[in-house]
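What follows is one structure encoded as structure tokens, with my remarks underneath.
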Amino acid sequence: MTTTLIGGLGIFLLGMKYMSQGLQSIAGAGLRRLIGAVTNNRILATLVGFLVTVLVQSSSVTTVMTVGFVNGGLMSLTQAIGVIMGANVGTTVTGWILVLKIGKYGLPMLGVSAFVYLFSRNEKLRYTALAIMGVGMVFFGLELMKDACAFLEDMPEFKTWFLQFQANTFIGLYQCMLVGCILTVLVQSSSATLGITISLATTGLIPFETAAALVLGENIGTTVTALLASIGTTTNARRAAYFHFLFNITGVIWISTIFFWYVRFIPWIIDVDVAQTTVVNGETIYSNAPLAIATTHSVFNIVNTIVFLPFSGIIATLLTRLVKDQPQEISHLQSLDIRILETPALAIDQSRGVVIKMGVMCDEMAQILYRILSREKPEPEDVEKLFQYEEDLDRMQDEVTSYITHLLAMDLTQEVISKGRCQLRMADEYESISDYLQRIAKFRLKLNKQGRVFDDAHNNSLLDLLTMVEKQLNHVTTAYQQSHTDVVSATIRSGTEIKHKVKTLQREHLEYLSAEKVDPYINVSYTSTLNALRRVRDHVINLAEALAGEK
């Protein structure tokens, strides 16, 4: 009995994971569009939260993801509040899936879809099969838990123990809610505890009222995941997590005050008798219990959302006042939040944003370098900014590499794998470009410190070459921003012009050395700058080739 219960719960949880993974892979582009559609319109944000949760089949994932977006400054607190409310409504869909009386089909669904997933070469078909396999595991796991609970029902000791948890008084109600909360915190899935509750109620081990109280406790327990996710985040991200807790705890408090009326209202609204039993395969089950429990879950979250929705702006303002901003130095990239790795389709978009930022910073470094080379005495602000950018790009490359390495270790679609590899290479190329741009600045600053300067002809030739390189770099970065992957031919053409320009300047410089006496330091600095710019040109071509390989 114990092994059946534990095994059933394990299969149920694994099924939820596979179902979520399959749905996310199928709807990757849809998820990106949904998150992009979030605005300060509270109704639209709530709708997005609902749809995303239906797709990922976990309100915890949606809420943690939302905390991650707020942490990275990609979503405002008002937007996050709407999404979190929608996620709470979206999680009730899982309850209705469990109501479907197809438990006996769970194993065949699991078996057939497993064969398709293992042997099909069509990626979309494979991940559709993975989602169906997850559904099959959910129902098979639920069936195993029901069987285990049927054994419990025949054991007087367990039945006596379960009778201690009766929600027929306010004390009993709060005891049951506490049990539901603790169970959800331990299992880390309100869907799993909902499945256990349905199994217990269906076999008659607990009455409907106790099941309803457990459901209320589960709604509190699910907030712990978001609270844990908010540790070490920005103030706004913590506010979003606190709202999730506040939303659920307030809802549970006011529902608990009318609980005994509420548990009579639910059977009335769906017109069922929760005490009605049916004999199936020689076993007596409470056939209406799953429907009543799913309705209890849905009504709680829908009504709670309707109550909170008009006040979301006021709540955001209140949380802003209560949770004060704390000035803090954040030494890591907020936008690369590891919490978002749970949704690979969105995680790869976050890292793409950072790689684009690296490209923009490199382009700006080239422009700053142009100003440094144009003046006998460069502005200290320009020099400081260029060196700071190089340090930032080093750090960004390290973090992008770590982030995408974690991402690529997961089971991903070929599209996400291709994008991840492209981003790894591009981040490395941008970091190398920043090194060369900084090196050129060091050459010039060293000459200035020694009181040496280039003549106008040599300096202007370097500025012309730098302009060509900057245009080439800007072209590739802009193409990546606009998702244009066909840039190799144009980049190679401009690269050929740059290479020809470098050779011409090197030849002219050698001729100049034969005719004029040149300071050795000037000579070394000039030739080193030419070589560095040629290496930047090589890395830009590598960027274009990496971008072409993303297709």
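Residue numbers (the working numbering): 14 to 564. Glycine residues also receive a C-beta, built at the ideal position from the N, C-alpha and C atoms.
- The three-state reading of DSSP puts residue 291 in strand, counting E and B together.
- Around residue 234, the same chain offers 193, 194, 195, 196, 197, 198, 203, 206 as residues with beta carbons nearer than 8 Å, after the five sequence neighbours per side are excluded.
- Straight-line spacing of the CA atoms in residue 358 and residue 38 works out to 7 Å.
- The three-state reading of DSSP puts residue 298 in strand, counting E and B together.
- In the three-state scheme derived from DSSP, where H, G and I count as helix and E and B as strand, residue 337 is classed as coil.
- Note that the C-beta distance between residue 254 and residue 240 is below 8 Å.
- The segment 464 to 545 is shown to contain whole alpha helix (DSSP H) runs of 4 or more residues at 469 to 494, 501 to 528, in chain order.
- Nearest Cα to residue 324 within the set 30, 91, 69, 18: 91.
- In terms of Cα proximity to residue 487, the closest of 375, 517, 450, 558 is 375.
- Taking C-beta atoms under 8 Å as the contact rule, residue 475 and residue 378 fail to qualify, at a distance of about 16 Å.
- Boundaries of the alpha helix (DSSP H) harbouring residue 436: 427 to 462, taken from the DSSP string.
- The beta carbon of residue 429 lies closer than 6 Å to those of 357, 361 in the same chain, with the five residues before and after it left out.
- Residue 149 places its beta carbon less than 8 Å from that of residue 119.
- Just so you know, the alpha carbons of residue 303 and residue 111 end up roughly 7 Å apart.
- Taking a contact as a CB-CB distance under 8 Å, the pair residue 482 and residue 558 does not count as one, their CB atoms being some 17 Å apart.
- Straight-line spacing of the CA atoms in residue 456 and residue 517 works out to 21 Å.
- Here residue 113 is exposed. Its C-beta has fewer than 16 other C-beta atoms within 10 Å.
- Per DSSP, the unbroken alpha helix (DSSP H) holding residue 34 starts and ends at 15 to 39.
- For residue 84, the enclosing alpha helix (DSSP H) stretches over residues 72 to 84.
- Around the beta-carbon of residue 513, fewer than 16 other beta-carbon atoms lie within 10 Å, marking it exposed.
- Between residue 158 and residue 25, the C-beta spacing is below 8 Å.
- Judged by their CB atoms, residue 385 and residue 391 are nearer to each other than the 8 Å cut-off.
- When the alpha-carbon of residue 215 is set against those of 200, 161, 137, the nearest one is in 161.
- At least 8 Å separates the beta-carbon of residue 225 from that of residue 330.
- For residue 388, the three-state secondary structure derived from DSSP is coil.
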